[in-house]
Amino acid sequence: MYAIKVELKVNNKEQTLLRKHAGFARFVYNYGLALMQGLERNDIAGGYGKKIKAIKKVLTNYTKKQQEFQWMSKLSSKVYQSSLQALLNAYKRCGQGIADRPKFKRRKDRESFSVYDGNGKVLLPSGKQIKIPTLGTFRLKESLSCSYCTQTFTISHRAGKWFVSFAVDAEKIPPTYHAQEKIGIDLGVKCFCTLSDGTTVESPKPMKKAKTKLAKLQWRNRKKQLGNRRLGVKQSNKAKKYFDSLARRHYHVASQRQDFLHKLTTDISRKYYQIRIEDLNVSGMLANSKLSAAISDLGFYEFRRQLTYKSQVYGTKVELVDRWYPSSKTCSMCGTKHDELKLSDRIYKCINLGCVAHTITLDRDLNAALNLLNAPDEYVRLAQPEVTPVDK
Ligand SMILES: [Zn+2]
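Heads up, the working numbering is the position in the sequence shown plus 705, with the first residue counted as 1.
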């Protein structure tokens, strides 16, 4: 199963409709959460599922019928079903110890909600339009390339754009043929990665450029009037515009990076069967402030995540080499360890006088990539996909 996410083309009227539904979803979630917390405070026994069911009844039979909540009947009732389901899932995850306690959603949080077809799966024809159950037909920025069969639709909002995503109950058939058997990949700061066949991939530096632009933007808006609800000060129009453009800029940078990583990981997954990368301690590296800006910019973690989940799609085997394996200090030709190698040494010169790598110079990253490729089995483990293959 995999998910498809496409951007909607909305006019003002449609945008208002989606906004209202997002608000409805948030209201229901918070309403349910408040009641759940009340039940807990009073030590009411019962499982999460049972309690949520009772809350749903209160909402349908009582709350919705109140004068002040009449607006709910004009919106899709599927939204509150999904919202309460989301709340239930949040409680379950918390019960299993994999997430914190559910929190109230705020207006400024990322908006999203789900709707579904009550009669089961629907067929989405290919083309530039999409019919979303209970909401209507919407236009798409890019057309769907083929027909899909699905039931639940999630609508989300980010940086002024609206997206719809849905899960497709199908498997992509992995190609059984890979042009090359195996590859070792060394991730670097100077260039994004070096492959053991000698290929190097330059990283785009969108962040750096964007940071300059961001600084300029901040300077031009230094006198904006920030809102303060407590003092009753309204946010100025300039400030509003500024925050919108800030969100758009962040989104732009993130998209550029995602695009680069997706292209790269797809290319690698198509070409090679066995892929070995270093099991980086990314959080440890981020603690080093000098490296951190460069690394968080590059998205090593995201690179690994994409390679791993694409292994199911392309039938590859992604392996992680233990980070204690001295891949950069060992000579890939004779195996001699070179302890005095500094991070600034860009070339590798073997200290063993009889080795070929003593007379010829070897690129440091290429040497590391070759070592990863030939790493002994006790240092290697198979990468496990940690998240579902959904492009968020
Ligand atoms: Zn050597």
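Just so it is clear, CB atoms sit at the ideal spot from N, CA and C, and this is done for glycine as well. Owing to the predicted nature of the structure, the values given are computational and were not obtained by experimental measurement.
Minimum C-alpha distance to residue i - residue among the options
i	options	result
CYS1036	LEU1058, GLU1024 and ARG724	LEU1058
LEU738	SER788, TYR1006 and GLN885	SER788
VAL1085	THR1041, TRP1029, LEU1067 and HIS1043	TRP1029
MET741	HIS883, GLN772, PHE843 and ALA759	ALA759
SER974	ALA884, TYR956, THR904 and LEU840	ALA884
ILE860	GLU1083, PRO1031 and LEU723	LEU723
LYS1042	HIS726, HIS1063, PHE732 and LEU1025	HIS1063
GLY825	PHE843, THR857 and GLY832	THR857
TRP924	TYR1014, ALA944 and ARG934	ALA944
GLN720	THR768, LEU744, ALA804 and GLU816	GLU816
ASP814	ALA952, ASP822 and LYS762	ALA952
GLU1045	MET1038, PRO1031 and CYS1039	PRO1031
LYS914	HIS957, LYS1034 and LYS833	HIS957
ASP949	PRO909, ALA864 and GLY937	ALA864
ALA959	SER941, ARG935, LEU922 and PRO909	PRO909
PHE732	TRP776, LYS718 and GLN772	TRP776
LEU840	LYS725, LYS1047 and THR904	LYS725
GLN790	ARG811, PHE818 and GLN801	PHE818
GLN801	ARG811, ASP891, TYR753 and THR1066	TYR753
Same chain only: Cβ atoms within 7 Å of residue i, ignoring 5 sequence neighbours per side
i	result
LYS1097	With a pLDDT of only 35 at LYS1097, under the threshold of 50, the placement of this residue in the model should not be trusted, and no figure is reported.
PRO807	LEU738, LEU792, ALA795, TYR796 and CYS799
LYS939	GLY932
LYS906	Inspection of the sequence shows that residue 906 is occupied by Val rather than by Lys. Hits under 7 Å: CYS896, PHE897, CYS898 and LEU969.
LYS866	GLU712
PRO830	SER852
LYS833	ARG844, LEU845 and SER848
ASP822	PRO838 and GLN856
ILE1056	THR1041 and HIS1043
Close Cβ partners of residue i (< 8 Å) along its chain, the five nearest in sequence each way excluded
i	result
LYS887	TYR977, TYR978, GLN979, ILE980, ARG981 and LEU1078
VAL711	ILE835, LEU845, LYS846, GLU847, LEU849, PHE868, VAL869 and SER870
LEU828	SER852, TYR853 and CYS854
ASP984	LEU1025, VAL1026, ASP1027, ARG1028 and ARG1086
LEU966	GLY1004, GLU1007, PHE1008 and GLN1011
ASP805	CYS799
LEU922	TYR947, SER950, LEU951 and ARG954
THR842	GLN834, ILE835 and LYS836
Within 8 Å, strictly: CB atoms of residue i and residue j
i	j	result
LYS846	LYS714	yes
SER781	VAL820	yes
ALA1080	VAL1026	yes
THR971	LYS1022	no
ASN735	PHE809	yes
GLY893	LEU1075	no
For residue j and residue i, believed in contact at Cβ under 8 Å, the rounded distance
i	j	result
HIS862	ALA730	Not a contact, Cβ separation roughly 11 Å.
MET1038	VAL1018	Going by Cβ atoms, the distance from MET1038 to VAL1018 rounds to 36 Å, so no, they are not a contact pair.
LYS918	ARG954	7 Å
LEU744	LYS756	6 Å
Cut-off 6 Å between Cβ atoms - residues of its own chain near residue i, not counting five sequence neighbours on either side
i	result
ASN926	TYR947
PHE774	THR768
SER1033	ALA1073
Q | Sufficient close CB pairs (3 or more, under 8 Å) joining the stretch 776-787 to the stretch 747-755 | A | no
Q. Using 8 Å as the Cβ pair cut-off and three pairs as the minimum, do the stretch 1064-1075 and the stretch 899-909 touch?
A. yes
(Q) Within 8 Å, do at least three Cβ pairs link the stretch 1039-1058 to the stretch 1008-1023? (A) no
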